[in-house]
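Notes follow the structure.
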Amino acid sequence: MAAGVLTHIFSSMTYGYGKSVFYTVLIAHFGWSRTQLAAAISLSRLETGVLGGVEGFLVDKFGPRPLMVMGAVIMGLGFIMLSRINSLLDYYLVFIFLIVIGQAFRGNIPLDTAVATWFIRRRGTAFGLIRAATAVGAAGVVFVAWFLTEYGWRASFVAIGIGTIVLGVPAGLVMRRRPEVYGLRPDGDTPDTKAEIGTASTEESEHSSPSVAAETSDVDIGMTVREALTSWPFWTITAAFALRSGTTSAITLHAIPIVEDMGYSRTLAAGVLGSIGMTSLLGRVGGGVLNDMFGTKRVTLVFMTTLTISFLILAQAQTIGHVWLFVAIYAPSYGALAATLPAIKGDYFGRRSFGTILGLSGIPHTGLSMLFPVFAAWVYDTSGSYKTAFIVFAGTMLVATAMVVTLKPPRYRTQKDT
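Residue numbering for the sequence shown follows the numbering used here, starting at 195 and increasing by one per position.
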C-alpha cells in the first residue's frame with residue numbers, strides 16, 4: 195500500500211494533473227494549437243488501451259514488481275528526453291513511445307491488481323486510500339507550476355525524469371504478489387476465516403496449510419476472462435465508466451486553459467486544478483468507505499448524477515466563483531468514482547483474472563479518454579468557447595447513469611472444485 199501511495203502521489207503531480215500545467219506553456223513556446231497538443235496526449239491513450247490487455251495478463255502471470263520497475267525507468271528516461279524536443283513530431287514520439295509506455299507499466303493496472311488481490315472485505319476502503327494518493331499529488335501541481343516558472347520547462351522535465359526513476363524503482367521493488375505465496379490471506383485473515391467479496395455469496399475451501407492454499411489457489415475465486423467477456427455486467431460497467439473517463443480526462447487537460455481564458459493567472463489556474471485533486475480526496479476516501487457500506491452500484495449512481503450536475507454548472511461559468519462551485523461538486527464526485535471503478539470490477543468479476551479483465555475493460559476507457567479532450571479542444575478552436583463541449587459531457591453522464599441502473603447483483607462461481 196505504501197509503495198502504491200508513493201507512486202500515485204508523484205505520478206499525479208507530474209503526469210496526471212501535471213500535463214495541464216505544461217499544456218499552455220508548450221503551446222506558447224512552439225505556437226501549436228490546442229487541438230494539436232491534445233491530439234498527442236489522446237493518441238497516447240490509444241496506445242495505453244492497446245497495451246492494457248497484455249499488461250493485465252503479465253501482471254496476473256508475473257506480479258506487479260517487474261512491470262513497475264521497468265515502467266519507472268522507461269518513463270524517467272522519457273521525461274529527460276522530452277526536455278530536448280524541438281518539434282511537434284519530437285513531442286509525439288517521446289511522449290507516446292516512452293512516457294506513456296512507462297506510465298502504463300507502473301500505473302493503475304499493476305497497482306489495482308495488487309490491491310484487489312490483497313483485499314476482499316476491505317477492498318473499497320483500500321482502493322479509496324490508493325486513489326486518495328492521486329488527490330494528494332494534485333496539490334503538488336502548484337509546486338510544479340512554480341518550478342516551471344522559475345526554471346523553465348526543459349529543466350522541469352529533467353527534474354521530473356530523475357525523480358521518477360529515483361522514487362519509482364524502489365517503490366516497484368517492494369511490491370508483492372498474492373498473499374497466499376507468503377503464507378498469508380487477503381485482508382490479513384487467518385486460514386480459518388471466510389472471505390466475502392462484494393455482494394456475492396462466498397464459501398471458500400479451507401486448507402490446514404497456507405502453502406497448500408497457495409498451491410491450489412483456493413481463494414482465486416471469480417470469473418475467468420471468457421466468463422467476464424460474455425457477461426452483461428462487463429460491458430455495462432465498461433461502457434458507463436468509459437464515458438465517465440472521457441469526460442473527466444477532458445477536464446484534467448483543459449482545466450488550466452479554462453481559468454486562464456477568463457483572464458486569471460496561471461498560478462491561480464494551477465491552484466484550481468490542484469484544488470480539484472485535493473477536494474477529490476474527500477470522494478476518494480469517503481467513496482471507498484461508502485462502497486463497503488452501501489455497495490458499489492448505489493455509490494456509482496449517486497456520484498454519476500452529481501457529476502452530471504457539475505458539467506451543467508461549468509457550461510454556464512463566467513467567473514472564478516462559478517468555477518469554485520463547479521469544483522465543489524465535481525471534485526468529490528470525480529474522486530468517489532475513481533475509487534469505485536476498480537472496486538465494482540472486483541465485486542463483479544473477483545480476483546481470479548482481475549488484471550487481465552481490468553486491462554481489457556480499459557481499452558474503451560482509453561478510446562473515449564482519447565476522443566473527449568480532442569473534442570473539447572476542437573469545440574474551443576472552432577467556437578472560442580468550451581460551453582458546447584460541457585453540455586455534451588452532461589448528456590453523456592446521463593447515459594452512463596442509465597447504464598448503471600440496469601446492473602444486477604454480482605454472481606460468479608466462488609468455490610474451486612476439488
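By construction, the Cβ of each residue, glycine as well, lies at the ideal position given by its N, Cα and C atoms.
Beta-carbon gap between residue i and residue j smaller than 8 angstroms
i, j, result
"A150", "I452", "Since the first residue of the chain shown is 195 and the last is 612, residue 150 is not available in this structure."
"F505", "A422", "no"
"W347", "L220", "yes"
"T201", "P258", "no"
"I320", "V215", "In the sequence on display, residue 320 carries Ala and not Ile. Their beta carbons are not under 8 angstroms apart, which means A320 does not touch V215 by this criterion."
"G355", "G471", "no"
"W312", "P373", "yes"
"A433", "M597", "yes"
"T500", "I523", "yes"
"G549", "V253", "yes"
"G265", "N485", "no"
"S527", "F497", "yes"
"T473", "A525", "yes"
"R228", "Y580", "no"
"P536", "P427", "no"
"V288", "G272", "yes"
Bridge partners - residue i, DSSP secondary structure assignment
i, result
"G544", "G416"
Cβ distance (whole Å) where residue i is taken to contact residue j below 8 angstroms
i, j, result
"A365", "A197", "4 angstroms"
"I551", "G246", "With 8 angstroms as the limit, I551 and G246 do not qualify as a contact, their Cβ atoms being about 10 angstroms apart."
"G540", "R325", "Wrong, their Cβ atoms sit about 13 angstroms apart, outside the cutoff."
"S547", "V419", "5 angstroms"
"V335", "G481", "Actually they do not touch by this definition, with Cβ atoms about 22 angstroms apart."
"I279", "Y285", "5 angstroms"
"S277", "V360", "Rounded, the Cβ-Cβ distance is 16 angstroms, inconsistent with contact."
"M369", "T502", "With 8 angstroms as the limit, M369 and T502 do not qualify as a contact, their Cβ atoms being about 37 angstroms apart."
"T534", "V493", "5 angstroms"
"R438", "A594", "6 angstroms"
"G440", "L562", "3 angstroms"
"S205", "A332", "With a Cβ gap of about 11 angstroms, S205 and A332 do not count as contacting."
"L323", "T430", "Wrong, their Cβ atoms sit about 27 angstroms apart, outside the cutoff."
"I450", "Y217", "6 angstroms"
"V363", "V267", "7 angstroms"
Subject >> Segments of 3+ residues assigned as beta strand (DSSP E) that fall wholly inside the region 562-602 >> reply: none
Subject >> Length at least 4, wholly inside the region 243-287: the alpha helix (DSSP H) runs in chain order >> reply: 258-276
**OP:** Assess, as a yes-or-no matter, whether the region 463-471 is touched by the region 292-299 under the definition of 3 or more beta carbon pairs within less than 8 angstroms.
**Re:** no
**OP:** Decide yes or no for the touch test of the region 564-583 against the region 444-460: beta carbon pairs closer than 8 angstroms, at least 3 of them.
**Re:** yes
Original post:
Which runs of the alpha helix (DSSP H), 4 residues or longer, sit entirely within the region 307-350?
Top reply: 317-333 and 335-345
Original post:
At what residue ranges does the region 439-513 contain a whole run of the alpha helix (DSSP H), taking only runs of 4 or more?
Top reply: 460-488 and 490-509
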